[in-house]
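Using our numbering, read the sequence shown as starting at 119 and increasing by one per residue.
Just so you know, even glycine gets a beta-carbon here, dropped at the ideal spot from N, CA and C.
Every value quoted in this text rests on a predicted model; they were computed, and no experiment measured them.
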Amino acid sequence: MRTLDFEDFVSPAPHPGEHLREDYLPAFKLTAGALARAMGLKDRTRIERLIHEKQPVTADTALRLGKVFGTSAQFWINLQNAHDLSKAAIETRDELKAIKPLAAA
Numbered sequence: 119m120r121t122l123d124f125e126d127f128v129s130p131a132p133h134p135g136e137h138l139r140e141d142y143l144p145a146f147k148l149t150a151g152a153l154a155r156a157m158g159l160k161d162r163t164r165i166e167r168l169i170h171e172k173q174p175v176t177a178d179t180a181l182r183l184g185k186v187f188g189t190s191a192q193f194w195i196n197l198q199n200a201h202d203l204s205k206a207a208i209e210t211r212d213e214l215k216a217i218k219p220l221a222a223a
């Protein structure tokens, strides 16, 4: 299995909010408010911040999204991790190139 080589990224992997906004909300014909209610949230602020890519997917949000959409919580966490790692790799690319792997003694 090939692992992601974050040195290849020129732009970050999509934020999970983009997937939610572009794929899930239209497919299920949901608004942010309707999704928030389905997830058992008191208001839609968390969902609005997520779909506008202003908030990450937390463990709690991942569990709720997984339950509502019939996916796993891990799916949503993986989307967030890929976004975070690719963004960090781009931001620290030059610093990372200067780091040499250690050899076992």
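Just tell me which of the options has its CA closest to the CA of residue i.
i    : options                   : result
V186 : L159, A216 and A223       : L159
A131 : A223, I208, E213 and L214 : I208
From the DSSP output, in three-state form, read off residue i for me.
i    : result
L138 : helix
Q173 : coil
I208 : helix
L197 : helix
I217 : coil
If you count every other CB in all the chains shown that lies within 10 Å of the CB of residue i, and 16 or more means buried, which is it?
i    : result
P134 : buried
For the alpha helix (DSSP H) that residue i lies in, which residues bound it at each end?
i    : result
P132 : Looking at the DSSP string, P132 is not in any alpha helix (DSSP H), and its letter there is neither H nor E.
P144 : L143 to F146
Of all the CB atoms in chain B, is at least one closer than 7 Å to the CB of residue i?
i    : result
R167 : Absent from the structure is chain B; it holds one protein chain and no more.
Exercise for the section: Give a yes or no on contact between the region 139-146 and the region 213-222, applying the rule of three or more CB pairs nearer than 8 Å. Expected result: no
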